[in-house]
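Below is one structure; the comments refer to it alone.
2 protein chains.
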Amino acid sequence: MTSTRDFDRYLRTRHAEIDVALEAALPIPPDCPPLIAEAMRYSLFAGGKRLRPILTLAAAEAVVESGHTGARSRDAGMALAMTGACAVELIHTYSLVHDDLPAMDDDDLRRGRPTAHVVYGEGVAILAGDAMLTHAFVVLARPQSDEPPGFDQRRLRAITCVAEAAGAGGMVGGQVLDLAATGTLPAGDDPHRRAGCEDAALRERHERKTGALIGAAAVAGAILAGGHDTAVAAVDRYATHLGLAFQIVDDILDVEGTAGDLGKTTGKDVGACKPTYPSVHGLDRSRALAAEAVAAAHEVLAIAGLGGRLAEIADWVVSRTS
Amino acid sequence: MTSTRDFDRYLRTRHAEIDVALEAALPIPPDCPPLIAEAMRYSLFAGGKRLRPILTLAAAEAVVESGHTGARSRDAGMALAMTGACAVELIHTYSLVHDDLPAMDDDDLRRGRPTAHVVYGEGVAILAGDAMLTHAFVVLARPQSDEPPGFDQRRLRAITCVAEAAGAGGMVGGQVLDLAATGTLPAGDDPHRRAGCEDAALRERHERKTGALIGAAAVAGAILAGGHDTAVAAVDRYATHLGLAFQIVDDILDVEGTAGDLGKTTGKDVGACKPTYPSVHGLDRSRALAAEAVAAAHEVLAIAGLGGRLAEIADWVVSRTS
């Protein structure tokens, strides 16, 4: 049993390591125009929690510490997992920049600061998002010298996993359902619209929009660290429960939070009549569903014998207030 | 010496093969929401020339036919090159969809049809672009069964090459320079703006915005087909000249063409006071520069002993009227 203070220190350390790795991985002028480099950094270093890349590293540690990988390439595997952590944060940040655009959620405030399109204009904000998404794959694919042969395959599996989670079948598809659910699209344009208020549609939207990338963040970490198939599968099941818990809590915080706590516009989901866990299930039932999802995540870890920080991360996700 | 008719047949055959492969590679419902699948197809199958993916396949053929690769894995190498062709066309099409947005070039017409945002709204158009860009990396990375071991490395090299060409240092960076050159950005935001009318800035903008992806299309084909380093380097030099010729001709066509020929709004560059080859060098000198670039491309092929269709593609690029 580790203390809260110990876990806080872990989060701070990982956060700092990720920031250093991200900065080192980004393009700089004169390799790219100064303005795009600046716009990418503005959104990437805006004080996010780094939940997804921390999850990537924690999943990597878990498969390493639980003896699911050989000892020899542990350090190299953790270094490889860091490329996955950077890629996942690049993709998450690009999705926030595009989601905040006037044509989507039209948010002016994110993490307590003006959103990218407010600062740089819509055109550059769209392009900064495009650049972050594209750069994620440079980071994941760029060969390092003297890597063990199996690392090529790990990289390709991680790229496939992350790209599938981020694309039309995952996060981008979820945002399309989100637009449909808020009525931003003309009625009747999408069959998903008609079922928008029901639980199954709510789950699908959340699973695609948020769950898929959270799952891929964890699974990519397990793959890149060299986890065996059974360990990777367990991390995948864990992350599915975690992603659900995360989104339910996000919906609850949107109802309960203030802009000061969250650093973003709150109450927008209610204002937009977008179905959420609280609006479909009520607040008490939503809290119970989040607790159930976290309990299921813990159970997966116990059965698979996966240790490390994954259990604490699950508790963190439901206890957070922002 | 091959006839024009023979080359036309080659282009039609390759075009058809690429369309079949693209369609087979795309996500379909219920794996993704129907609306995003439809929006991706709307722009992908809008009658484009398929220059970039044809170039990918032609470069692959050239390194294979010129004996720069072993005979054993030729067919597998050409099949792998087709994944690169699809990826490059996905990225090219996403860039058109985003470039056409009101926040960028604000074009209502593309390839003779209403642009994606006119049909689906800005939100879905942005997301369809995001989905195509993301899916390009699924297509390049997704493992096939029973591939020779070296194919993993070819895939990773191609992903790195294509992603670097598409990102902040390449195509996206070029579009940022484009916004700066047209004055869409506030003056003084970008040092490149101040040099926007000079030849060096014009070359950098074109090289990033158009040249980089044309180069990557060819190089990825050579890599995926198993070309040796010297052949890949020759294809790279060829494609640099080709990309320059392409963009000069594009600028000339924008001045000379009609919307009917090009299927898009013409004269916009002039209207927007965006420096182009004709506006900086005049029409005659621009034509001479395009011819010089194509001659340089031919010379590279001759020196490297690369045959196949690459020479004809270079001629096609300068002789095209749309």
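Chains as they are written, first to last, in the working numbering: chain L, 1 to 322; chain Y, 323 to 644. Glycine included, C-beta positions come from ideal geometry on N, C-alpha and C.
What would DSSP say about Pro278 of chain L, mapped onto helix, strand or coil? helix
Residue burial classification, Ala481 of chain Y (beta-carbon count within 10 angstroms, cutoff 16): This sequence places Ile at residue 481 of chain Y; Ala is not what is there. So Ile481 of chain Y counts as buried.
Would you grab the beta carbon distance between Gly496 of chain Y and Arg527 of chain Y for me? Rounded to a whole angstrom, and I think it's under 8 Å. 6 Å
For a test of the three-state rule: what should DSSP assign to Leu109 of chain L, helix, strand or coil? strand
Ordered along the chain, which non-local residues of its own chain (more than five positions away) have a Cβ less than 6 Å from that of Ser286 of chain L? So the qualifying residues of the chain are Ile248, Ile252, Tyr277, Pro278.
Where the segment 27-41 of chain L meets chain Y: residues whose CB sits under 7 Å from a CB there: Pro27, Asp31, Cys32, Pro33, Pro34, Leu35, Ile36, Ala37, Met40
Quick one: any contact between the segment 426-444 of chain Y and the segment 143-157 of chain L, if contact means 3 or more CB pairs under 8 Å? No, the segment 426-444 of chain Y does not touch the segment 143-157 of chain L.
Closer than 8 Å by beta-carbon distance: list the chain Y residues that pair up with His323 of chain L, in chain order. Residue 323 of chain L lies beyond the stretch modelled for chain L, which goes from 1 to 322, so this question has no answer here.
At what residue ranges does the segment 109-183 of chain L contain a whole run of the beta strand (DSSP E), taking only runs of 3 or more? none
Residue from L:Pro33, L:Ile91, L:Asp19 whose Cα sits closest to the Cα of Ala502 of chain Y: L:Pro33
So Leu423 of chain Y and Ile126 of chain L are supposed to be a Cβ contact under 8 Å. How far apart are they, rounded? Taking 8 Å as the upper bound for CB-CB distance, Leu423 of chain Y and Ile126 of chain L are in contact here, some 7 Å apart.
Could you check whether the Cβ of Val138 of chain L sits closer than 7 Å to any Cβ belonging to chain Y? yes
So, for Val554 of chain Y: in the same chain, excluding its five sequence neighbours on each side, which residues have a beta-carbon less than 7 Å away from its beta-carbon? Val541, Ala544, Ile545
Could you give the residue range of the alpha helix (DSSP H) that holds Leu575 of chain Y? That run of the alpha helix (DSSP H) goes 551-578.
When DSSP labels each residue in this structure, what does Ser319 of chain L get in the three-state scheme? helix
Nearest to Ala615 of chain Y by CA position, among Y:Lys371, Y:Ala624, Y:Glu578, Y:Ala561, is which residue? Y:Ala561
Between which two residues does the alpha helix (DSSP H) containing Arg309 of chain L stretch? Taken as a continuous stretch (DSSP letters only), Arg309 of chain L belongs to no alpha helix (DSSP H), as it is neither H nor E.
Going along chain L in order, which residues have a C-beta closer than 9 Å to the C-beta of Glu345 of chain Y? Result: empty, since nearest Cβ-Cβ is about 14 Å, beyond 9 Å.
Using C-beta distances below 7 Å, list every residue in its chain close to Tyr364 of chain Y, excluding the 5 sequence neighbours before and after it, in chain order. The answer, listed in chain order, is Ala438, Val441.
Taking Cys354 of chain Y as part of the alpha helix (DSSP H), name the residues at either end of that continuous run. Neither: Cys354 of chain Y is in no alpha helix (DSSP H) and is coded neither H nor E.
Starting from Leu377 of chain Y, trace the alpha helix (DSSP H) in both directions and tell me its first and last residue. 373-387
Can you have a look at Ile340 of chain Y and say buried or exposed, based on whether 16 or more other CB atoms are within 10 angstroms of its CB? buried
Identify whether Ser325 of chain Y lies in helix, strand or coil by the three-state DSSP scheme. Per DSSP, reduced to three states, the secondary structure at Ser325 of chain Y is coil, with no helix or strand assignment.
Would you kindly report the start and end of the unbroken alpha helix (DSSP H) that includes Thr93 of chain L? It spans 74-99 - the alpha helix (DSSP H) in which Thr93 of chain L sits, taken as one unbroken run.
How about Gly169 of chain L and Asp353 of chain Y: are their beta carbons less than 7 Å apart? yes
If you draw a straight line from the alpha carbon of Arg433 of chain Y to that of Gly445 of chain Y, how long is it in whole angstroms? 21 Å
Round the Cβ separation of Gly215 of chain L and Ala163 of chain L to the nearest angstrom and send it over; I've been treating them as touching at under 8 Å. Contact flag wrong, Cβ pair sits at about 13 Å.
Return yes when the Cβ of Pro29 of chain L is within less than 7 Å of the Cβ of Ala16 of chain L, no when it is not. The answer is no: Cβ separation not under 7 Å.
Contact list for Glu444 of chain Y against chain L, beta-carbon separation under 7 Å: Ala103
Rounded Cβ spacing between Val97 of chain L and Gly129 of chain L (contact assumed at less than 8 Å): With a Cβ gap of about 4 Å, Val97 of chain L and Gly129 of chain L count as contacting.
Taking all protein chains shown into account, do 16 or more other C-beta atoms lie within 10 angstroms of the C-beta of Glu621 of chain Y, making it buried, or fewer, making it exposed? exposed
Cutoff 7 Å; reference Met171 of chain L; Cβ partners in own chain excluding five residues on either side: Same-chain partners within the cutoff: Ser95, Ala165, Arg208, Lys209, Ala212, Leu213.
State the CB to CB distance for the pair Gly305 of chain L and Ser66 of chain L, rounded to an integer number of angstroms; the pair is presumed to be in contact (CB under 8 Å). Correct: roughly 6 Å between the Cβ atoms.
Hey, would you say Ala245 of chain L sits closer than 7 Å to Ala290 of chain L, going by beta carbons? yes
Does DSSP put Met104 of chain L in a helix, a strand or coil? Coil, per DSSP.
Under 9 Å (Cβ pairs) to chain L, residues found in the segment 536-562 of chain Y: none
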